[in-house]
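Before any comments, here is the structure.
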Ligand SMILES: C[S@@+](CC[C@H](N)C(=O)[O-])C[C@H]1O[C@@H](n2cnc3c(N)ncnc32)[C@H](O)[C@@H]1O
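Residue numbers (the working numbering): 20 to 242.
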């Protein structure tokens, strides 16, 4: 390397450091952290979101409230798209200090999601894994205390089988589209009944519908 290229390289590295230092991710309790996520949600997720198949804002708010209420420390999402539901979950995780692993098969959507998580200042608490969730889930180690399923409807039953061993007692699985795509999810609901320590309710019976499945801490006590 010549002296001049060394200067250029050092200069570029310095600018990068200055750029990162000027725009660091705010700490969880910092109100700017919430504002930064909200800004990306408003810009990217609250308009016409049908192309990216994003959850509607009411469902997003439910994700946020439940991630916080369940005091989630390790959340998992299947079906990232461009990261909108992940951003709602991240809002909840600001209160708990938790992290999110989110799985997406489409590389273009993975790139968009990473960009959105970066812009929202939550890149350090969200890990996006590209690939078929059916394969990725096998290699993931648990436990997870909050799971959101929103990918291929015909595979919800299979996702459940792979998630169950990694779901913490006291943890919760939310599944999207259980009302508007109910016919495709019959197998999923049949499978849920096979686990004696899982209790399921339909938390949102309107719109797309979300089911909420709680894993009992003391199996056999309430079901
Ligand atoms: C309904 S969209 C997810 C929307 C997202 N949860 C949101 O609200 O912003 C479903 C996503 O699941 C992804 N997907 C479908 N099958 C998948 C699979 N086998 N593994 C991982 N991702 C998958 C699709 O590419 C799509 O982006």
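Every residue, glycine too, gets a C-beta built ideally from N, C-alpha and C.
Euclidean distance between Cα positions of residue i and residue j
i           : j           : result
residue 107 : residue 65  : 11 angstroms
residue 41  : residue 111 : Bear in mind that the predicted position of residue 41 carries a pLDDT of just 47, short of 50, making it too unreliable to give a figure here.
residue 85  : residue 171 : 23 angstroms
residue 55  : residue 208 : 37 angstroms
residue 233 : residue 109 : 20 angstroms
residue 80  : residue 236 : 26 angstroms
residue 93  : residue 159 : 12 angstroms
residue 244 : residue 157 : Since the first and last residues shown for the chain are 20 and 242, residue 244 lies out of range.
residue 69  : residue 62  : 15 angstroms
residue 225 : residue 198 : 7 angstroms
residue 229 : residue 195 : 5 angstroms
Local conformation of residue i per DSSP, three classes
i           : result
residue 23  : Bear in mind that the predicted position of residue 23 carries a pLDDT of just 46, short of 50, making it unreliable; the figure below should be weighed with that in mind. Residue 23: helix per DSSP, three-state reduction.
residue 174 : helix
residue 245 : As shown, the chain starts at 20 and ends at 242. That puts residue 245 outside it, with no answer to give.
residue 89  : coil
residue 235 : coil
residue 223 : strand
residue 75  : coil
residue 98  : coil
residue 56  : helix
residue 40  : Residue confidence for residue 40 is low, a pLDDT of 45 falling below 50, so the modelled location carries little weight; the figure read from the coordinates is stated next. DSSP places residue 40 in helix when its eight states are reduced to three.
residue 198 : coil
residue 129 : helix
residue 120 : strand
residue 186 : strand
residue 147 : strand
residue 218 : strand
residue 193 : strand
Cβ separation of residue i and residue j, assumed to be a contact under 8 angstroms, to the nearest whole Å
i           : j           : result
residue 203 : residue 173 : 6 angstroms
residue 119 : residue 105 : 6 angstroms
residue 101 : residue 122 : Contact doesn't hold; Cβ gap of about 14 angstroms is too wide.
residue 151 : residue 98  : Rounded, the Cβ-Cβ distance is 12 angstroms, inconsistent with contact.
residue 115 : residue 139 : About 17 angstroms separates the two Cβ atoms, so there is no contact after all.
Determine, using beta-carbon pairs with one atom in the segment 182-201 and one in the segment 158-169, whether at least three such pairs fall under 8 angstroms.
yes
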